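A.B. asks:
Residue numbers (this note's numbering): 605 to 897.
1) Do residue 660 and residue 685 have their CB atoms nearer than 8 Å?
2) Got a sec? Which residues, its chain only, sit under 6 Å from residue 694 by beta carbon, not counting five neighbours each side?
3) Please state whether DSSP places residue 672 in a helix, a strand or coil.
4) Using 8 Å as the Cβ pair cut-off and three pairs as the minimum, do the stretch 786-805 and the stretch 696-710 touch?
5) Quick one: Cα of residue 698 to Cα of residue 728, how far?
6) Are the beta-carbon atoms belonging to residue 628 and residue 710 less than 8 Å from one another?
7) Hey, would you say residue 898 sits closer than 8 Å to residue 744, going by beta carbons?
8) Tell me, to the nearest whole angstrom, how far the beta carbon of residue 811 is from that of residue 732; I am working on the premise that it is less than 8 Å.
9) Evaluate the contact criterion for the stretch 706-725 versus the stretch 822-837: three or more CB pairs, one atom per stretch, below 8 Å.
10) For residue 899, name the three-state secondary structure that DSSP assigns.
11) Please report the Cβ distance between residue 868 and residue 891, rounded to the nearest whole angstrom; I am assuming they are in contact, meaning their Cβ atoms lie under 8 Å.
12) What does the Cβ neighbour count give for residue 714, buried or exposed, with the cut at 16 atoms within 10 Å?
13) Hey, residue 801 and residue 792: beta-carbon distance below 8 Å or not?
14) Between which two residues does the beta strand (DSSP E) harbouring residue 776 extend?
15) Can residue 827 and residue 666 be called in contact, C-beta distance under 8 Å?
16) Taking C-beta to C-beta, are residue 623 and residue 632 nearer than 8 Å?
17) Taking the alpha helix (DSSP H) that residue 652 belongs to, which residues open and close that run?
18) Would you tell me roughly how many angstroms separate the C-alpha atoms of residue 767 and residue 643, rounded to the nearest one?
19) Using C-beta distances below 7 Å, list every residue in its chain close to residue 719, excluding the 5 sequence neighbours before and after it, in chain order.
20) So, with DSSP's three-state summary, where would you put residue 766?
21) Report the residue from 637, 804, 772 whose alpha carbon sits nearest the alpha carbon of residue 755.
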């Protein structure tokens with residue numbers, strides 16, 4: 605119980621990156637415990653059933669019956685080296701991502717990149733004749749598409765950032781992304797075509813995310829809006845409290861208006877000299893409130 609409490613505490617107080625790492629790790633541990641039980645009781649078919657229950661099928665009809673796999677597949681790993689590589693990569697590039705972008709964007713890119721990978725995987729397996737025979741038994745799992753979206757996003761956002769490859773060789777991050785993309789393209793016909801195609805779906809979303817972000821549009825914002833709406837449904841509504849306010853006199857109103865205008869002018873001068881990013885959170889909030897009045 606102490607271990608579970610420690611995990612819950614770490615999850616609750618952790619960053620968005622830590623939460624994603626812990627979810628993937630927790631799902632892997634739970635899966636391995638189930639696999640161990642099926643091995644001990646000699647019922648391997650149960651393990652296969654559970655894996656397929658949460659993996660993303662290439663067959664569209666199967667997805668219609670198991671729609672949750674569009675999300676569950678991107679947190680599911682059954683191989684130790686698979687999850688080890690994915691978690692290390694997610695940690696490294698997730699940290700870089702959070703150096704420039706927000707935790708909400710990290711989650712949005714992770715989920716959206718996974719969905720883009722799922723879409724491209726299913727699309728390719730249903731339109732290309734090369735996959736016709738294996739499509740009924742093809743399933744995708746793993747966080748790779750989501751991680752590729754994060755990797756490519758930060759690589760296009762700060763392409764000339766230097767990263768120590770294998771902790772030794774300094775390399776520009778854009779070259780790492782380019783090498784991985786090329787490797788995925790060439791690997792489609794060799795092994796695990798579904799996985800490599802899903803990676804490319806994540807790549808496409810990561811690139812489009814940064815492309816649109818530079819134009820002022822956040823493609824990851826839909827997830828935050830969705831979660832906020834869902835949270836508001838289950839959040840208890842506050843009781844209505846009636847308060848009485850003394851009417852403000854003309855002198856008080858005019859004095860307040862002058863003070864607000866002085867503060868607005870000061871903030872605008874600061875923006876002109878040092879840019880918008882130099883503002884404190886309070887100054888940004890004040891400017892936003894003033895713009896609505």
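From the three backbone atoms N, C-alpha and C, an ideal C-beta is built for every residue, glycine too.
Everything numeric in this text was worked out from a predicted model, so none of it was measured.
C.D. replies: According to the structure data:
1) no
2) 751
3) coil
4) no
5) 28 Å
6) no
7) The requested residue 898 does not occur in the structure, where the chain is confined to residues 605 to 897.
8) Their Cβ separation, rounded to whole angstroms, is 22 Å, which puts residue 811 and residue 732 out of contact at 8 Å.
9) yes
10) Outside the shown range of the chain (605 to 897) lies residue 899, about which nothing can therefore be said.
11) 7 Å
12) buried
13) yes
14) 773-776
15) no
16) no
17) 648-658
18) 42 Å
19) 674
20) strand
21) 804
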